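Visitor: First to last, the protein sequences are chains A and B. According to full-length UniProt numbering, the first sequence is numbered sequentially starting from 1. According to full-length UniProt numbering, the second sequence is numbered sequentially starting from 1. Using N, Cα and C, we set each Cβ at its ideal position, and we do this for glycine too. The structure displayed is predicted, hence computed values, not measured ones. Got a structure for you, questions after.
Number of protein chains: 2
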Amino acid sequence: MNSILDRSKYEFNSQSKRWHKEDIIRKTGMSVGKVDVVYYNRSMRSDASLVPPIRQTASIFKQPVTVIKTQDSKVKSDYKNGNQEKPKQLMWEKRLEGLRACDVDGVEFDGMELPKGLKPVGPNVTEETIIQSVATALHVSTQPVTGQTGVKSSLEKNPGVFLDPKQPLVQAVNILEDDIKRQEDKVVEARRKLQEALRM
Amino acid sequence: MNSILDRSKYEFNSQSKRWHKEDIIRKTGMSVGKVDVVYYNRSMRSDASLVPPIRQTASIFKQPVTVIKTQDSKVKSDYKNGNQEKPKQLMWEKRLEGLRACDVDGVEFDGMELPKGLKPVGPNVTEETIIQSVATALHVSTQPVTGQTGVKSSLEKNPGVFLDPKQPLVQAVNILEDDIKRQEDKVVEARRKLQEALRM
DNA sequence: CGGAGTGGATTC
DNA sequence: GAATCCACTCCG
């Protein structure tokens, strides 16, 4: 085998102390004694794999499916993203706090910053939570993502009544003409840089 | 594919009209669209597959296993036939009535006859039931199989009291010297025939 | 329906 | 020929 690959696998395993290797030996059949190698990640939270928008398979294109039975018990399928949502806890995004992506060596990426206009809302909701909350909303929601439209003081005092569970835990944002203009400028600038890079 | 095999499969299915094939398509999950194929026997009683001595796997040698955990939660295994028996209904063998083996084409075998000495006992217990009852007892019981030793009239009148649930629903049989002699003769005769057959 | 475990094809 | 990948079966 390629020695570079061997080495990188070794480092991948021993340096970060995050990945655990297991050799599974086949016990019966024509291939007795063959070894199947499995790697798994020790730091994985047990509920993490269940919660969107965390990727659940190798393919990001996999879609949830809802089974709907009509009265004569035939089956209809609905491949839309909507109807399959389970009821959620009001503040369920809080369980995503502190999760962070890492590269293959187990080195964590830096946290991401949101635009200043996005303010957390609700009791004990911090900057730490809203990026997860917004990202999740954009990923799973079928409706426009607007943020919480209630008055901030009522939201903090009585979240059970005023908090909209279908919206992320940020204060509603008004997008102004100016914001759109600024975004357009960014796109133009990015295209210019790309053009330049391709010329070289 | 081998056409002879294909054909026999087809007959197995269509000629006897006994076996019904159903393709069940998985509707959700990672394996959406996969097909599980199920065959079932239209005349099959739904509880039949759960009751010994009906063969539950391809291997007649498969044995029940009891898992016993000690206090420090290590596992002991016990391969004896005994301890794993569940409590049974007093007349549970009656549910085996009318079941009969068939060949692969679905043609039923003739019923088997028991020696005249075996008489059914208990309310509503007929010839039809006792072969199943005796066969089951021989198959699953760890104790000697003697039959019911109570007086026939009390057994019929008050089975809840006098019927021994660990014994099959036949009257007790006394094996006489004469019976043993006759069986020995049969064995000798069978051996003689085998010898002869091997000479040819 | 998911997961363990295997046979067999494919890649290196 | 070994390592790897993948499809499939079986079972709970």
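Can the beta-carbon of B:A137 be found closer than 7 Å to that of B:P168?
Guide: Yes, these two residues count as a Cβ contact at 7 Å.
Visitor: Can you tell me which of B:K152, B:I131, B:K157 and B:K186 puts its alpha carbon nearest to the alpha carbon of B:R100?
Guide: Per the Cα distances, B:I131.
Visitor: Out of curiosity, what's the CA-to-CA distance linking A:D154 and A:F162?
Guide: Per the sequence shown, residue 154 of chain A should be read as Ser rather than Asp. Approximately 7 Å between the Cα atoms of the pair.
Visitor: Count the other CB atoms, across all protein chains shown, that sit within 10 Å of the CB of B:V121; report buried if there are 16 or more and exposed otherwise.
Guide: Its Cβ being crowded by 16 or more others within 10 Å, B:V121 is buried.
Visitor: Whose C-beta lies closer than 8 Å to the C-beta of B:D164 among residues of the same chain, with five residues either side of it excluded?
Guide: The answer, listed in chain order, is Q148, T149 and G150.
Visitor: Between A:V125, A:V145 and A:D103, which has its C-alpha nearest A:K157's C-alpha?
Guide: Minimum Cα distance to A:K157 is reached at A:V125.
Visitor: So A:K166 and A:Q183 are in contact, right, with Cβ under 8 Å, and what is the actual spacing, rounded?
Guide: Incorrect: roughly 25 Å between the Cβ atoms, too far for contact.
Visitor: For A:V37 versus A:D23, is the C-beta distance shorter than 7 Å?
Guide: Cβ atoms of A:V37 and A:D23: closer than 7 Å.
Visitor: Please classify B:E93 as buried or exposed, where buried requires at least 16 other C-beta atoms within 10 Å of its C-beta.
Guide: Classification for B:E93: buried.
Visitor: List the residues that DSSP assigns as beta-bridge partners of A:Q171.
Guide: In DSSP, A:Q171 forms a bridge with A:Q148.
Visitor: Measuring straight from C-alpha to C-alpha, what distance separates A:K181 and A:I175?
Guide: Going from the Cα of A:K181 to the Cα of A:I175 covers about 11 Å.
Visitor: How should B:V187 be labelled, buried or exposed, when 16 other C-beta atoms within 10 angstroms of its C-beta is the threshold for buried?
Guide: Classification for B:V187: exposed.
Visitor: Under a Cβ-count criterion, where at least 16 other Cβ atoms within 10 Å of its own Cβ denotes burial, should B:V35 be classed as buried or exposed?
Guide: Exposed.
Visitor: Helix, strand or coil: which one does DSSP assign to A:V134?
Guide: Looking at A:V134 - three-state DSSP - the assignment turns out to be helix.
Visitor: Beta-carbon within less than 7 Å of A:V173's beta-carbon, same chain only, minus the 5 sequence neighbours each way: which residues are those?
Guide: The answer, listed in chain order, is G117, L118 and G147.
Visitor: Could you tell me which residues DSSP puts in a beta bridge with B:I180?
Guide: For B:I180, which the question treats as bridged, DSSP gives no partner whatsoever.
Visitor: What's the gap between the Cα of A:S14 and the Cα of A:C102?
Guide: Confidence is the limiting factor: at A:S14 the pLDDT is only 43, short of 50, which leaves the residue's position unreliable, though a coordinate-based value still follows. Answer to the nearest angstrom: the Cα atoms are 16 Å apart.
Visitor: Does DSSP put A:D164 in a helix, a strand or coil?
Guide: If DSSP states are grouped into helix, strand and coil, A:D164 belongs with coil.
Visitor: On the criterion of 16 or more Cβ atoms from any shown chain inside 10 Å, does B:V107 qualify as buried, or is it exposed?
Guide: The residue is exposed, with fewer than 16 neighbouring Cβ atoms inside 10 Å.
Visitor: Might you give, ordered along the chain, the residues of its own chain that have their beta carbon closer than 7 Å to the beta carbon of B:Q171, omitting 5 neighbours on each side?
Guide: Contacts found: K119, V121, G147, Q148 and K152.
Visitor: Take B:L114 and list the residues in its own chain whose beta-carbon comes closer than 6 Å to its own, dropping the five residues that flank it on each side.
Guide: Answer for B:L114: I131, listed in chain order.
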